[in-house]
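Just so we're aligned: the sequence shown equals residues 20 to 959 in the working numbering.
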Amino acid sequence: MPEDNKSETHLDSKIFHKRARNFLSVWKASSGKSTADDPFQGVHAVLVIVGDISEENPYQKSTALQQWLLGYEFADTLILILQDKIHFVVKEKRADVLEKLKQGDRQVPIEIHKRSKDASHNQKIFETIISKITEGGEKRVGLLLKEKISGKFVDEWQAVYSKHKDDLEEVDISSGIAAALAVKDEDETVKIWAIKAIVRNRKVIIEDQERTYEFLLDVQRRILECIKDGVKISDVYSRATRYINSKRPDLVNKFVKNLGHGMGIEFRESSYILNQKNNKELKTGMILNLFIGFTDLENSKATDEKSKNYALWLIDTVRVGSDSFQVFTESTKSLDSICFSFKDEESIEQRRKRHQEELAAQKQAEGLARFGEGVDHQTNQREEVFRKFESYKRDIALPKEVKDLKIIVDQRNESIILPVFGFAVPFHISTLKNVNKSEEGDYLYLRLNFLTPGQASGKKEDMPFDDPNANFIRAFTYRSTDPLLAEIYKKILDLKKSAAKKEAERKEMANLIEQDKLIEIKGRRPTHRLSDVFVRPGLEGKRIPGELEIHENGLRYHSHRTSQKLDILFSNIQHLFFQPCDNELIVLLHMHLKNPVIHGKKKTKDIQFYREASDVQFDETGNRKRKFRYGDEDELGAEQEERRRRTLLNKEFKAFSEKIAEASEGSIDVDIPFRDIGFQGVPFRTNVLLQPTTECLVHLTDPPFLVIPITDIEIAHLERVQFGLKNFDLVFIFKDYSRPPVHINTIPMNQLENVKDWLDSVDVTFYEGTQNLNWTQIMKTINQDPADFYAQGGWSFLKLHSENEDSDASSDSASEYQQSEDDYEESSSEESSYDEEASDETAPGSETESDESAPDWDELEEKARRGMHKFCESKLNWKNDLIAILSFKPTNENTELSVQMHLMMNTAKARNSAVKANEGSRDMEFEPALGIDLNFFESF
20 MPEDNKSETH LDSKIFHKRA RNFLSVWKAS SGKSTADDPF QGVHAVLVIV
70 GDISEENPYQ KSTALQQWLL GYEFADTLIL ILQDKIHFVV KEKRADVLEK
120 LKQGDRQVPI EIHKRSKDAS HNQKIFETII SKITEGGEKR VGLLLKEKIS
170 GKFVDEWQAV YSKHKDDLEE VDISSGIAAA LAVKDEDETV KIWAIKAIVR
220 NRKVIIEDQE RTYEFLLDVQ RRILECIKDG VKISDVYSRA TRYINSKRPD
270 LVNKFVKNLG HGMGIEFRES SYILNQKNNK ELKTGMILNL FIGFTDLENS
320 KATDEKSKNY ALWLIDTVRV GSDSFQVFTE STKSLDSICF SFKDEESIEQ
370 RRKRHQEELA AQKQAEGLAR FGEGVDHQTN QREEVFRKFE SYKRDIALPK
420 EVKDLKIIVD QRNESIILPV FGFAVPFHIS TLKNVNKSEE GDYLYLRLNF
470 LTPGQASGKK EDMPFDDPNA NFIRAFTYRS TDPLLAEIYK KILDLKKSAA
520 KKEAERKEMA NLIEQDKLIE IKGRRPTHRL SDVFVRPGLE GKRIPGELEI
570 HENGLRYHSH RTSQKLDILF SNIQHLFFQP CDNELIVLLH MHLKNPVIHG
620 KKKTKDIQFY REASDVQFDE TGNRKRKFRY GDEDELGAEQ EERRRRTLLN
670 KEFKAFSEKI AEASEGSIDV DIPFRDIGFQ GVPFRTNVLL QPTTECLVHL
720 TDPPFLVIPI TDIEIAHLER VQFGLKNFDL VFIFKDYSRP PVHINTIPMN
770 QLENVKDWLD SVDVTFYEGT QNLNWTQIMK TINQDPADFY AQGGWSFLKL
820 HSENEDSDAS SDSASEYQQS EDDYEESSSE ESSYDEEASD ETAPGSETES
870 DESAPDWDEL EEKARRGMHK FCESKLNWKN DLIAILSFKP TNENTELSVQ
920 MHLMMNTAKA RNSAVKANEG SRDMEFEPAL GIDLNFFESF
């Protein structure tokens, strides 16, 4: 920026001396070369003069050099650069600003000459500068001869310099300054990254150009591979033309004459034009504006003269590295992302529809071959069985307290012993469904509900039993005034929780497969290790860093903070994922296993190793590395360091994943998520980014993880796909029909076409509908007879369902309101009717046609009494529905205690309520019919 006044000018002495040393090192390094190869032309001194600042020609190497060294443009300034010292000739006020450069370590010696209004004083200063140039008899001086300078200051200098001009040999030093400024340090790189172009033009490419564009991408990739330190510019261009000649000789003459130029403070470094004639070498830190393309191409399908010829270009900003390159303007260049087709828009949809029809037919044929008639098919459906529990093998094992006929909770044998008709009857805790406690007046009621077949409702499956004629007790109710009943209730709950936990652990371990042992590398520490990584799930439930090692047949993770180790065999790894830390907080390696393993006392099929991409040393708290730096440069430096650290992390983890694949001898491939085609969805409880990979659909960033192998998918169903909705759902049905379908909900509707394209590209058959389906019931029906399912058309019912929904859509608008009103009236009548008689009655408070037809209160009470009497008879008909029959059969041979429970036992509470409702009537004779003393349930 131009320097306006002293108070606003702040020079960075550290950057000045750093860049001055760099300039002198480039100059000295070229001194030993021949004059033809030396960009500084063997000069002894470099003289840069700036007169009046010209707004008509702002891009000059003289002002660019000032900006590079000082960060400002100083008018009326002379800079003489010698290999051992730098001289400045400036006015007095500017001299005070430049004095600030005389501080810091590793200084380049500088001398500041102050001009004044005294012409004779200024003349002596200019004489001194010329004497420094000619010191030691040297004559060659480097100048920017092509720049035009003017102003009063320049005139004063020329008046003195003209007297000695004949004794000097002037050389254009433009190439030398360009060579020094071409290599960018970290601060310059950050600034270039920050101001990189954020507007990219999307080009329209017709089909004839697609093949040429794909080849252009290939050429760019070949050229980028050559961009590294020490490579001659001419060699880069020559390799490109040779490759084009070998693959597409028809395009050699169409190739651009130069590949771009060096850039930086001066946008176009004329000394670093990337063409076949430039023999300069690329250096680490150079910034190149690389543009590659073909011109004057012919469009064979052109309909007018203007569209007959066209050109294709790829332009990027690239940084030269020691052995590689870095692209600053990285963006998607694939044909799909920049290409537009002028064909009918329906062609893509029709192509996808045709492909889906082929996949559906193939899926139907596979189903018939798998489940057809005469085929021995297995759906891997695990049939539920009634588990039998044994509380006690002998009656002597019963607790001694049973003689008191009290409720006993036996924690050791996981049983509850209940007094029933004078007998102590044990029930295993696993037969108990739930227990409830309530209070009514002075009494405590304890109700125990048992698991019985035939009572399943809703989503729960019915409980099977091998004897269809067997009878079961459904519930017991006990009443007492003793507060001990509350303590028993708590003991039963604790026992139920303990038993449920053990049952869950049993099921957790049911399908575990014993793995082979890890074969360790003997005699030495493994060569390939990944240190300071965390594992999920964590060791011992803790988040502690550890080390991941590659052994002969698998991996071992361990930490010095715990003795626990985790071994993973190559043979048990189904999928290995590497997810870089780009746009993420962590970089990770994720392993989806074939068979679950026990890790952290839990069974899991997903193990993940990760490292955080952020570093506390580079936060915003102002630590030792940021203590004395503030402002924009501080932020840019932190961003640059962050990018560098992320690049190193990605490189380290990717290399380690490739070592794993190599050590597995080809049994494992590294899969990387494609973030560009990812979509948002809710597979569990939170909205996450779901990313397709080559073989799976995954979410790996946060637990719970989701890994859906594409090969496991039978079909996909898109639900709630209708106009006006912002989201839709996706359901995956698996080839293993016993596996529950996976639901991914709340996917944005603008991702619908992307999801369809992805499913179609990986050959997954998909259907779509406007409603959510009950997949639990659908899969239950299919598993009952899969052969019949495919005989009736298989998954084609989803297509028919969708077509029926579409055909009904036109009539919905006319009938929707009327239909909902009818449904409301129907549901209201059902809720208000108690039974057939009550449905004919008029609701209290409603209007009637005639007051005479309305019954009086006596008639209403009589009807209510008859209704309650009939209700009790229907619910408590002892002749047709016995409450309970208990048979106690002790076996002398094995002294086993067996109790068979038959039919259903209604609670004493319900019976007593019925008795009270009938005002103590004994017409039905509850007690004599069964010989049951109801008072027995009042005490225990």
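Backbone N, C-alpha and C define an ideal beta-carbon position, used for all residues, glycine too.
Remember, it's a predicted structure, so these values are computed and weren't measured experimentally.
Given residue i as reference, the closest of the options once Cα atoms are compared
i, options, result
"methionine 610", "Arg665, Asp688 and Arg662", "Asp688"
"leucine 331", "Phe347, Leu243, Leu417 and Val238", "Val238"
"isoleucine 197", "Asp186, Ser550, Ser169 and Leu301", "First, the amino acid is wrong: residue 197 is alanine here, not isoleucine. The candidate whose alpha carbon is nearest that of alanine 197 is Leu301."
"glutamine 102", "Phe816, Ala48 and Phe408", "Ala48"
"proline 564", "Ser550, Arg493 and Ile734", "Ser550"
"asparagine 453", "Tyr291, Val116, Arg466 and Ala83", "Arg466"
"lysine 276", "Glu244, Gly312 and Ile306", "Gly312"
"threonine 712", "Glu671, Leu778 and Asp748", "Leu778"
"asparagine 793", "Asn669, Val750, Leu270 and Asp776", "Val750"
"leucine 740", "Val774, Tyr232 and Ile538", "In the sequence on display, residue 740 carries valine and not leucine. Minimum Cα distance to valine 740 is reached at Val774."
"leucine 817", "Ser683, Asn791, Phe442 and Gln369", "Asn791"
"leucine 737", "Leu97, Val202 and His762", "His762"
"lysine 158", "Lys182, Ala259, Val62 and Glu92", "Val62"
"isoleucine 435", "Glu459, Leu463, Asn468 and Asp461", "Asn468"
"phenylalanine 344", "Lys382, Gly249, Glu368 and Lys412", "Gly249"
"asparagine 308", "Ser326, Thr348, Lys325 and Val271", "Thr348"
"histidine 183", "Leu236, Asp57, Thr153 and Gly656", "Thr153"
"aspartate 56", "Trp46, Val65 and Ala64", "Trp46"
"leucine 89", "Ile727, Gly743, Lys165 and Ile34", "Ile34"
Buried/exposed call for residue i, threshold 16 Cβ in 10 Å
i, result
"asparagine 297", "buried"
"glycine 304", "buried"
"serine 350", "exposed"
"arginine 704", "exposed"
"isoleucine 68", "buried"
"leucine 612", "buried"
"threonine 450", "buried"
"histidine 280", "buried"
"methionine 798", "buried"
"proline 759", "exposed"
"valine 444", "buried"
"alanine 83", "buried"
"glutamine 627", "buried"
"serine 476", "Because the pLDDT of serine 476 is 49, which lies under 50, any placement of that residue in the model is unreliable, and the question is left without a value."
"histidine 29", "exposed"
"glutamine 770", "buried"
Where residue i falls: helix, strand or coil (DSSP)
i, result
"asparagine 264", "helix"
"phenylalanine 59", "coil"
"threonine 765", "strand"
"methionine 610", "strand"
"tyrosine 411", "coil"
"lysine 136", "coil"
"glutamine 598", "strand"
"glutamate 349", "coil"
"asparagine 802", "helix"
"glutamine 659", "helix"
"histidine 36", "helix"
"asparagine 669", "helix"
"aspartate 315", "strand"
"alanine 384", "helix"
For residue i: DSSP bridge partner residues
i, result
"isoleucine 727", "Leu716"
"arginine 159", "Glu188"
"serine 434", "Asp429 and His447"
"glycine 281", "Glu288 and Leu307"
"asparagine 746", "Pro767"
"arginine 370", "The partner list for arginine 370 (beta bridge, DSSP) is empty, contrary to what the question assumes."
"serine 676", "In DSSP, serine 676 forms no bridge with anything."
"lysine 584", "His577"
"glutamine 627", "Arg555 and His609"
Test: residue i CB closer than 7 Å to a CB of chain C
i, result
"alanine 505", "Protein chains in the displayed structure number just one, and chain C is not present."
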